[in-house]
Amino acid sequence: MVRHMAESLFKRYGGFAIVSRIVSDFYSRVLADDNLRPYFAGVEMPRQIDHQTKFVAYLMGGPASFTDEHLERVHRHLAIDEKSFEELVVVFRETLEDHDLDETDIGTVVAELTSRRRLVVTRADS
Amino acid sequence: MTDADTRPGSIDESVFRELAQSLDCAVAIVRADDWKIEFENARFFRWFQPGADDSDSLVVRIADLKLDRAKSRLEGGRPFTFDTKVIIDEQESPLRVTIAPFAGHEGSVYLLQAHSTSKEMEVQYMLDSYSRIAEKNAHELEKEKERVERLLLNIMPRAVVDELKEYGTATPQRFDAVSLLMLDFVGFTDMTISHDPSAIISELNDIFSAFDRIADMFDCERVKTIGDAYIAVSGLPESTPEHAANIARLALRFRRYLERRNQAHPQQWLARIGINTGPVIGSLVGVQKYVYDLFGPGINLASRMETASEPMHITLTEETRELLKDDFVFTSLGEREIKGFGTQNLYSLDGELAGRRF
């Protein structure tokens, strides 16, 4: 049901063109954030942004798919805590706002993201 | 040079100003309370020129600044980033502007930085146009796939289409409780010779299209047409306990449709209809030009019933009548020799008992 509703978001906002813009902007914000930057130390950013563009496209119902197992596996060794995840969600939300997505749609996409919290957060707050 | 000289705090203010002035990006310091510009470097001045009124208000200098959103973000201690465009040397130039709390000033001033994103935009533009092409192609492919699927669904059941897509082939399947209808027109060959053939074919097309709609209403499906013959089935691919009654009703409705049509048209269409119940095998036949078809003695017997039928009658065997006798009305036709099936008691189906009469 949610998949179906989100389906139109990807198309409605103009497909990969807008998603890649959002994600590229999102990462410049993440890397400017002192708390989030360390998680990306040594990460090949162009590759990361490419991945994440597909992931956000997926959250918006676009043509890409990520299994829970995959998400869980790639985040397992990162020891991400609740606080950092929350912070990332805030930055993500702000980025969507600044790209003029509709408030309801932002809610939908952010909810898609936060529903995957348990796959990403692997550590209690320090 | 002493230690004190190398500490950032000890840099002379004029050195700092010189440094800021020579930067490639635009820098400004803005007061938090009234959003007035307290300091700006040369690049900022060039990109966001003060108008005739020589304003030092940031809102005037950056006309498309969303002040409400910027305020709520910064008052929450968060940076605010946005894209804008300025005209430099008669060229529109894209910029990214970030306004952030200025460390060490307790929210009393904000630091604004802006840099050109022309190069990024060039790449983005290229990416946009390529992804549009890719998405358009993907969309067309999707539409084409749907079209192919619709075509396949016209000639075979969905379960077979799915199996064919998944495995590239479909295994024959046995259906035990199935009823069949076979219909063809009396003197069709003569009709095409003595009349305008294209007009006759067009009428046949109308009739078969009407039959398809009726079949849909009675949970029956057209298997195929061969020339002027129309073959329908009920109980396949999904089984139904009503298969015999469905086919009987279909036969009565077909006849009724033709009777009414004949009253209104000069061209008379007289059909023989045979119905029969029995097991059949459904299978795809062919490799390149495949077709979904039904096999088994049940099919042959339905065809014999049609041949044995008088014009505008519906003929069936004793065995099929047994399944229908509580709900339908029949006339006995007596014993007949049926090729390949020995002597059979035949009946003609006249109407339905309860409900609507045909």
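Going down the list, the sequences are from chains A and B. My numbering puts the first residue of the first sequence at 1, with every later residue one more than the last. My numbering puts the first residue of the second sequence at 1001, with every later residue one more than the last. The beta carbon of each residue, even a glycine, is placed where N, CA and C say it ideally should be. From a predicted model like this one, the values you see are computed outputs, not experimental measurements.
Let me check you understand the geometry: is the CB of residue i closer than 6 Å to at least one non-hydrogen atom of the ligand SAH?
| i | result |
| --- | --- |
| P1101(B) | Absence of the ligand SAH from the depicted structure is noted, as is the absence of any ligand whatsoever, leaving it without description. |
Could you tell me whether any Cβ in chain A is nearer than 7 Å to the Cβ of residue i?
| i | result |
| --- | --- |
| D1162(B) | no |
| E1135(B) | yes |
| S1072(B) | no |
| E1352(B) | no |
| F1102(B) | no |
| S1131(B) | yes |
| D1068(B) | no |
| L1346(B) | no |
| D1212(B) | no |
| D1128(B) | yes |
| E1013(B) | no |
| F1082(B) | yes |
So, helix, strand or coil for residue i, using DSSP?
| i | result |
| --- | --- |
| V74(A) | helix |
| N1154(B) | helix |
| V19(A) | helix |
| V1291(B) | strand |
| F1185(B) | strand |
| N1276(B) | strand |
| Y1347(B) | strand |
| F40(A) | helix |
| H66(A) | For the sequence presented, residue 66(A) should be read as Phe rather than His. Note: F66(A) maps to coil in three-state DSSP. |
| F26(A) | helix |
| D1083(B) | strand |
| P1297(B) | helix |
| A32(A) | coil |
| E1310(B) | coil |
| I1062(B) | coil |
| G1342(B) | strand |
| H99(A) | coil |
Output the distance between the C-alpha atoms of residue i and residue j, rounded to the nearest integer angstrom.
| i | j | result |
| --- | --- | --- |
| Y132(A) | K1036(B) | Past the edges of chain A, shown from 1 to 126, lies residue 132(A), and the structure says nothing about it. |
| I1314(B) | V1160(B) | 31 Å |
| S84(A) | H77(A) | 15 Å |
| V1015(B) | T122(A) | 48 Å |
| R93(A) | L1095(B) | 22 Å |
| A1026(B) | D25(A) | 19 Å |
| C1220(B) | G1168(B) | 27 Å |
| D1228(B) | S1209(B) | 13 Å |
| M1121(B) | A1170(B) | 52 Å |
| H1265(B) | E1259(B) | 10 Å |
| E1092(B) | F16(A) | 25 Å |
| S8(A) | T104(A) | 13 Å |
| A1215(B) | R1253(B) | 9 Å |
| S1348(B) | L1141(B) | 51 Å |
| R116(A) | V56(A) | 13 Å |
| G1296(B) | E1144(B) | 35 Å |
| S1055(B) | E69(A) | 57 Å |
| L1324(B) | A1245(B) | 6 Å |
| V1320(B) | N1276(B) | Looking at the sequence shown, residue 1320(B) is not Val but Thr. Going from the Cα of T1320(B) to the Cα of N1276(B) covers about 6 Å. |
| L1023(B) | K1071(B) | 26 Å |
| K54(A) | I1201(B) | 54 Å |
| Q1136(B) | Y1125(B) | In the sequence as presented, Gln is not what sits at residue 1136(B); that position holds Lys. Cα to Cα, the separation comes out at about 16 Å. |
| Y1110(B) | H1139(B) | 47 Å |
| D34(A) | R1147(B) | 53 Å |
| Q1267(B) | S1194(B) | 12 Å |
| A1076(B) | V91(A) | According to the sequence displayed, residue 1076(B) carries Gly and not Ala. Spanning the two alpha carbons is a distance of roughly 13 Å. |
| T1081(B) | A1114(B) | 9 Å |
Is residue i close to chain B, meaning its C-beta is less than 7 Å from at least one C-beta of that chain?
| i | result |
| --- | --- |
| A17(A) | yes |
| D98(A) | yes |
Write down the C-beta distance between residue i and residue j rounded to the nearest angstrom, noting that I regard them as a contact closer than 8 Å.
| i | j | result |
| --- | --- | --- |
| L1301(B) | G1278(B) | 7 Å |
| V1329(B) | H1243(B) | Actually they do not touch by this definition, with Cβ atoms about 19 Å apart. |
| V1030(B) | I1133(B) | Not confirmed; about 43 Å, so no contact. |
| L1270(B) | A1232(B) | Not quite, the Cβ-Cβ distance comes to about 18 Å (not below 8 Å), so this is no contact. |
| L1074(B) | V1097(B) | The Cβ separation is near 13 Å, so there is no contact. |
Is it buried or exposed for residue i, if we count other Cβ within 10 angstroms and need 16 for buried?
| i | result |
| --- | --- |
| Y13(A) | buried |
| S1234(B) | buried |
| P1157(B) | buried |
| A6(A) | Summary for A6(A): the model assigns pLDDT 45, below 50, so the residue's position carries little reliability; its value from the coordinates is reported in the next sentence. Under this definition A6(A) is a buried residue. |
| M1(A) | Model confidence at M1(A) stands at a pLDDT of 36, short of 50, so the residue's coordinates are unreliable and nothing is read from them. |
| G1286(B) | exposed |
| S1239(B) | exposed |
| K1085(B) | exposed |
| D1184(B) | buried |
| E1040(B) | buried |
| E1306(B) | buried |
| R1213(B) | exposed |
| S1309(B) | buried |
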